[in-house]
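Peer 1: Per this note's numbering, the very first residue in the sequence shown carries number 154; after that it's consecutive. Glycine included, each C-beta is placed from N, C-alpha and C at the ideal position. Every value quoted in this text rests on a predicted model; they were computed, and no experiment measured them.
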Amino acid sequence: MRTPYIAGNWKMNLTPSEGARYAGELAEAVRKAGVSCRVMIAPSFVALPAVAEAVKGSGITVAAQNMANHLSGAYTGEVSPEMLKDIGINTVILGHSERRQYYGETDEIINSKVLLALSLKMEVILCVGETLEEREAGNLESVLERQLRVGLKDVLPAEMGAITIAYEPVWAIGTGKTATPDDADAAHAFIRRTVAAMYSEDIANNLIIQYGGSVKPGNVVALMAKENIDGALVGGASLKLDDFLPIITYSK
Ligand code: PGA
């Protein structure tokens, strides 16, 4: 049984005070409505303490959107996973397409972050997904396979319980274009088969695979109805209670 897992990636939005206010309202709404899925929100680094405080006791997980691939040292502007752990943050999104695209993160860099996070017993959401060019060239599966094989290199079978995969077709992020539920499900099935080949059927069957890319209140039900879609990584629609609450209570 895979427990649905819905995450909100705030990206570079909401100041610490705006974020804490919104997170407090979200926590209250979750308490009232009751949700059957796991809920996570990922604010900016500087908002993490205030947001974590605002959702305390609500069951909402607070995660970082990125971290350094070193524990400490002369890496100006970077945030170490030890610093995150020190403020109680145990979950991190890694390999988001915006990190790959704008900050030059390669599969190898992402893999080093994955291994470092796991060594500190953190949970990871590893993002994978193809660009429009790659999809149109018929390379969807080879891109996903490379991102998984390199991204998860040297991850032990026993550590796979701490990994969630987010399938985010780059062309669907922030564009209003969503993969159809069937297209997303096919990509998810491919990801599950690849993980089965790399590890085992058991590990693949237990793997949570989120879909990300223009998830909205209006499409979440159809996406979540698919066999291989176990959750969502939501960007734009995670920034407002009126959008995010209907998404996390989609089954009601
Ligand atoms: P979007 O972003 O929901 O705004 O498309 C998704 C993401 O990048 O995680």
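Given that a residue counts as buried once 16 or more other Cβ atoms are within 10 Å of its Cβ, and exposed if not, what is G366?
Peer 2: Here residue 366 is taken as the residue at index 213 of the sequence shown, counted from 1. Buried.
Peer 1: Run the proximity test for S367: is its beta-carbon closer than 8 Å to any non-hydrogen atom belonging to ligand 1?
Peer 2: Along the sequence shown, read from residue 1 onward, the residue named residue 367 stands at position 214. Indeed, a heavy atom of ligand 1 lies less than 8 Å from the Cβ.
Peer 1: Identify which residue in G226, M351 and G172 has its Cα closest to the Cα of Q300.
Peer 2: Position 147 of the sequence shown, counting from 1, holds the residue named residue 300. Taking only the C-alpha atoms, the option nearest Q300 is M351.
Peer 1: Suppose the cutoff is 8 Å on Cβ atoms and the five residues either side in sequence are ignored; what does the same chain contact list for E235 look like?
Peer 2: The residue labelled residue 235 in the question sits at position 82 within the sequence shown. The answer, listed in chain order, is L224, S225 and L273.
Peer 1: Please report the residue range of the alpha helix (DSSP H) in which A339 lies.
Peer 2: For the purposes of this step, residue 339 is taken as residue 186 along the sequence shown, with counting starting at 1. In the DSSP assignment, A339 falls within the unbroken alpha helix (DSSP H) covering P334 to M351.
Peer 1: When we look at the beta-carbon of R184 and count the other beta-carbons within 10 Å, is it buried (16 or more) or exposed?
Peer 2: Numbered from 1 along the sequence shown, position 31 holds the residue referred to as residue 184. Exposed, since its Cβ has fewer than 16 Cβ neighbours within 10 Å.
Peer 1: If I'm right that G161 touches F343 with Cβ under 8 Å, what's the distance once you round it to whole angstroms?
Peer 2: Residue numbering aside, residue 161 sits at position 8 when the sequence shown is read from its first letter. Residue numbering aside, residue 343 sits at position 190 when the sequence shown is read from its first letter. Going by Cβ atoms, the distance from G161 to F343 rounds to 26 Å, so no, they are not a contact pair.
Peer 1: Kindly identify the DSSP beta-bridge partner or partners of I362.
Peer 2: The residue you call residue 362 lines up with position 209 of the sequence shown. Paired residues: I318.
Peer 1: Taking the straight line between their C-alpha atoms, what separation do you get for A290 and T259?
Peer 2: Along the sequence shown, read from residue 1 onward, the residue named residue 290 stands at position 137. Along the sequence shown, read from residue 1 onward, the residue named residue 259 stands at position 106. Answer to the nearest angstrom: the Cα atoms are 21 Å apart.
Peer 1: Leaving out the 5 sequence neighbours to the left and right, which residues in its chain are closer than 6 Å to A207 when beta-carbon positions are compared?
Peer 2: For this step, residue 207 is matched to residue 54 along the sequence shown. Closer than 6 Å at the Cβ level, and outside the excluded window around A207, lie A173, A176 and G177.
Peer 1: Pick helix, strand or coil for G384, following the three-state DSSP scheme.
Peer 2: Locating residue 384 in the sequence shown gives position 231, counting from the first residue. It is a strand residue.
Peer 1: Compute the distance between the beta-carbons of D307 and L268, then report whether it is under 9 Å.
Peer 2: Position 154 of the sequence shown, counting from 1, holds the residue named residue 307. Position 115 of the sequence shown, counting from 1, holds the residue named residue 268. The answer is yes: Cβ separation under 9 Å.
Peer 1: Taking C-beta to C-beta, are V281 and V245 nearer than 9 Å?
Peer 2: Residue mapping note: residue 281 aligns to position 128 of the sequence shown, counting from 1. Residue mapping note: residue 245 aligns to position 92 of the sequence shown, counting from 1. It is not a contact, given that the beta carbons lie outside the stated cut-off.
Peer 1: Quick one: what's C280 bridged to in DSSP?
Peer 2: Walking along the sequence shown from the start, residue 280 turns up at place 127. The partner list for C280 (beta bridge, DSSP) reads A319.
Peer 1: DSSP three-state call for Y158: helix, strand or coil?
Peer 2: Counting from 1 along the sequence shown, the entry for residue 158 is found at position 5. Three-state result, Y158: strand.
Peer 1: Just to confirm before moving on: does the CB-CB distance between S391 and C190 stay below 9 Å?
Peer 2: Reading the sequence shown from its first residue, position 238 is the one you call residue 391. Reading the sequence shown from its first residue, position 37 is the one you call residue 190. Going by C-beta atoms, S391 is not nearer than 9 Å to C190.
Peer 1: Verify whether the separation of the beta carbon atoms of G327 and G257 is less than 9 Å.
Peer 2: Taking the first residue of the sequence shown as position 1, residue 327 is located at position 174. Taking the first residue of the sequence shown as position 1, residue 257 is located at position 104. Contact flag unset, no.
Peer 1: Helix, strand or coil for M377, going by three-state DSSP, please let me know.
Peer 2: Position 224 of the sequence shown, counting from 1, holds the residue named residue 377. Helix, per DSSP.
Peer 1: What number of angstroms, rounded off, separates the C-alpha of G230 from the C-alpha of S353?
Peer 2: On the sequence shown, residue 230 is found 77 positions in, with the first residue counted as 1. On the sequence shown, residue 353 is found 200 positions in, with the first residue counted as 1. Taking the straight line from one Cα to the other gives about 39 Å.
Peer 1: Whole-angstrom Cβ separation of G248 and G304, contact assumed at under 8 Å?
Peer 2: The count along the sequence shown starts at 1 and reaches residue 248 at position 95. The count along the sequence shown starts at 1 and reaches residue 304 at position 151. Sure, about 6 Å apart at Cβ, within 8 Å.
Peer 1: Helix, strand or coil for A216, going by three-state DSSP, please let me know.
Peer 2: Working through the sequence shown from its first residue, we reach residue 216 at position 63. Three-state DSSP puts A216 in coil, outside helix and strand.
Peer 1: So the candidates are I316, T214, L167 and R288; which of them puts its Cα closest to the Cα of D336?
Peer 2: Here the question's residue 336 lines up with position 183 in the sequence shown. Proximity to D336 across I316, T214, L167 and R288 peaks at R288, based on C-alpha coordinates.
Peer 1: Go ahead and label V374 buried or exposed: buried means 16 or more other beta carbons lie within 10 angstroms of its beta carbon, across all protein chains shown.
Peer 2: Sequence index remark: in the sequence shown, residue 374 carries index 221 (1-based). Answer is exposed; the Cβ neighbour count stays below 16.
Peer 1: So does C280 have its beta carbon nearer than 8 Å to some heavy atom of ligand 1?
Peer 2: Taking the first residue of the sequence shown as position 1, residue 280 is located at position 127. Yes, the Cβ of C280 comes within 8 Å of a heavy atom of ligand 1.
Peer 1: How is I326 classed by DSSP in three states: helix, strand or coil?
Peer 2: If you number the sequence shown from 1, residue 326 lands on position 173. Reduced to three states, the DSSP call for I326 is coil.
Peer 1: Between S197 and A340, what straight-line distance do the alpha-carbon atoms span, to the nearest angstrom?
Peer 2: For the purposes of this step, residue 197 is taken as the residue at position 44 of the sequence shown. For the purposes of this step, residue 340 is taken as the residue at position 187 of the sequence shown. Going from the Cα of S197 to the Cα of A340 covers about 29 Å.
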